[in-house]
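A short worksheet on the structure shown next.
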Amino acid sequence: MTQKILHIENLETHFFTDRGQIPAVDRIHLSINKGEIVGIVGESGCGKSVTSLSVMRLIPSPPGRIVGGSIRYKDEDLTTASEKRMKEIRGNEIAMIFQEPMTSLNPVFTIGNQITESILIHKKASKKEAKKHGIEMLRRVGIPRAEEIMNEYPHQLSGGMRQRVMIAMAMACNPQLLIADEPTTALDVTIQAQILDLMRNLNEESGTAIMLITHDLGVVAEMCHRVIVMYSGNIVEQGTTRAILKNPKHPYTQGLLKSIPQLDESQKRLYSIPGNVPLPGAIQEGCRFAPRCEFVMDKCRALNPELIETDAGHLSRCWLHEQ
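The number in the working numbering is simply the position in the sequence shown, starting from 1, with 31 added.
Shown next as structure tokens:
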């Protein structure tokens, strides 16, 4: 029987602003099994990063707050866990690679200080043992001159090296779940490939489950077992990577796939989905994707469809499935 590492049910994360209560994540359901890589995709502003920060209980408060639902890590609901318990979990059982390594690493502390900190907090280790383990982790993620790098500062490293340091820090305590928020953004394609290989190897060797947040469907095709497509705070489609890429059901997913350049086709202009992602809470009635959808019907503007199973394990949120 497959063991669920993470099970999110009816999660609502809102931001309380001068414009009122903004639903950034609106009643989503998702689960990740032990050893599974699940991709969460969608344009900027769809709620991907807010979902990951909700799991880590790192939503800035104020203005943000989890207002409903549950986030179950194994048998424990993280929404009701104490801050002391969350400190035990963060970096130890659930780790996160943040989107921008330059702002995530503290510029005034050496790499060694930062990588050994979580080892000293979570593991019963002396400073000498923590330093040795930190050097081993840097070597494991392919960083040369690991001993020297321990004494250097983040500004002395390239973007790819800083991202490797972030992965080494995240994996230092052998977490059960790794959340990677756009781990290859702003890296050149060679370094991207190395980072993805590294994450895949860590998944295969340690059995670490990975929640991979990205907007790059090429990365999804290469890395993920399952895919969850988000739009305007909702999950609009989910299924196996093969099912989503070969037979997308939702018009939004179809639009994302049509936007990918085809090497075997001559195109004067790349396809793009018309319009922009609406601001959270801007659409009060109907399907959130209706203003941009080429198949829109009157019903779409009035009622938001439920997420229904169209094939075994393949779910989509669209009124077209009724037809």
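Glycine included, every Cβ here is placed at the ideal spot set by N, Cα and C. As the structure is a computational prediction, the values presented were derived from the model and not from experiment.
Which residues in the same chain have their Cβ closer than 6 Å to the Cβ of P305, if we skip the five residues on either side of it in sequence?
-> Along the sequence shown, one-based indexing puts residue 305 at 274. Answer for P305: R323, listed in chain order.
Roughly how many angstroms separate the alpha carbons of L287 and S75, rounded to a whole number?
-> Looking up residue 287 in the sequence shown gives position 256. Looking up residue 75 in the sequence shown gives position 44. Rounded to whole angstroms, L287 to S75 spans 13 Å at the Cα level.
On the three-pair Cβ rule with 8 Å, is the stretch 131-147 touching the stretch 221-231?
-> no
Just the Cα atoms here: how many angstroms apart are L89 and L109?
-> Mapped onto the sequence shown, residue 89 falls at position 58. Mapped onto the sequence shown, residue 109 falls at position 78. Taking the straight line joining both Cα atoms gives about 12 Å.
Option nearest S263 by Cα separation, candidates K159, K277, A156, A313 | As a working mapping, residue 263 is identified with position 232 in the sequence shown. The shortest Cα separation from S263 among K159, K277, A156, A313 belongs to A313.
Between the C-alpha atoms of P279 and S62, what's the straight-line distance to the nearest angstrom?
-> Looking up residue 279 in the sequence shown gives position 248. Looking up residue 62 in the sequence shown gives position 31. C-alpha separation (whole angstroms): 20 Å.
Considering only residues of the same chain and omitting the five flanking positions on each side of H345, which have a CB-CB separation below 7 Å?
-> Within the sequence shown, residue 345 is the residue found at index 314, counting from 1. The answer, listed in chain order, is G270, A274, K280.
What span of residues does the beta strand (DSSP E) with M261 cover, start to end?
-> Here residue 261 corresponds to residue number 230 of the sequence shown, with the count starting at 1. Unbroken beta strand (DSSP E) run through M261: 257-262.
Could you name the residues of the same chain whose beta carbon sits closer than 6 Å to that of I210, not counting the 5 residues immediately before and after it, in chain order?
-> Sequence index remark: in the sequence shown, residue 210 carries index 179 (1-based). Excluding sequence neighbours, I210 sits near S83, M127, M242.
Could you tell me which residues DSSP puts in a beta bridge with T216?
-> Position 185 of the sequence shown, counted from the start, is the residue given in the question as residue 216. Answer is none; T216 lacks a bridge partner.
In chain order, what residues of the same chain have a beta carbon less than 6 Å from the beta carbon of T272, not counting five sequence neighbours either side?
-> To locate residue 272, count along the sequence shown from 1; it is residue 241. Closer than 6 Å at Cβ, skipping near neighbours: C255, V258.
Backbone CA spacing between F326 and P94 [nearest angstrom] = Position 295 of the sequence shown holds residue 326. Position 63 of the sequence shown holds residue 94. If I take the Cα positions, the gap works out to 36 Å.
Would you mind sorting M32 into buried or exposed? The rule is 16 or more other CB atoms within 10 Å of its CB.
-> Numbered from its first residue, the sequence shown carries residue 32 at position 1. Confidence at M32 is low in this model, with a pLDDT of 49, below 50, so the placement of that residue is unreliable and no value is reported for it.
Minimum C-alpha distance to Q194 - residue among S237, I166, S135 | Taking the first residue of the sequence shown as position 1, residue 194 is located at position 163. Ranking S237, I166, S135 by Cα distance to Q194 puts S135 first.
By the 10 Å Cβ neighbour count, where 16 or more other Cβ atoms means buried, how is V139 classified, buried or exposed?
-> In the sequence shown, residue 139 corresponds to position 108, counting from 1. V139 is exposed by the Cβ-count criterion.
Going by C-alpha distance, which of F47, H60, G51 is nearest I339?
-> If you number the sequence shown from 1, residue 339 lands on position 308. Nearest option by C-alpha distance: H60.
Would you decide whether P282 is buried or exposed? Buried here means 16 or more other CB atoms lie within 10 Å of its CB.
-> As a working mapping, residue 282 is identified with position 251 in the sequence shown. When all chains shown are included, P282 counts as buried.
Return the residue from the list R231, V196, M200, S189 that minimises the CA-CA distance to D219.
-> For the purposes of this step, residue 219 is taken as residue 188 along the sequence shown, with counting starting at 1. Out of R231, V196, M200, S189, S189 has the C-alpha closest to the C-alpha of D219.
Count the C-beta pairs between the stretch 96-103 and the stretch 40-49 that are closer than 8 Å, then say yes if the count reaches three, no if not.
-> yes
Between the stretch 200-215 and the stretch 148-161, are three or more C-beta pairs nearer than 8 Å?
-> yes
Three-state class that DSSP yields for S347 in the structure shown = Within the sequence shown, residue 347 is the residue found at index 316, counting from 1. In this structure, S347 counts as strand in the three-state DSSP scheme.
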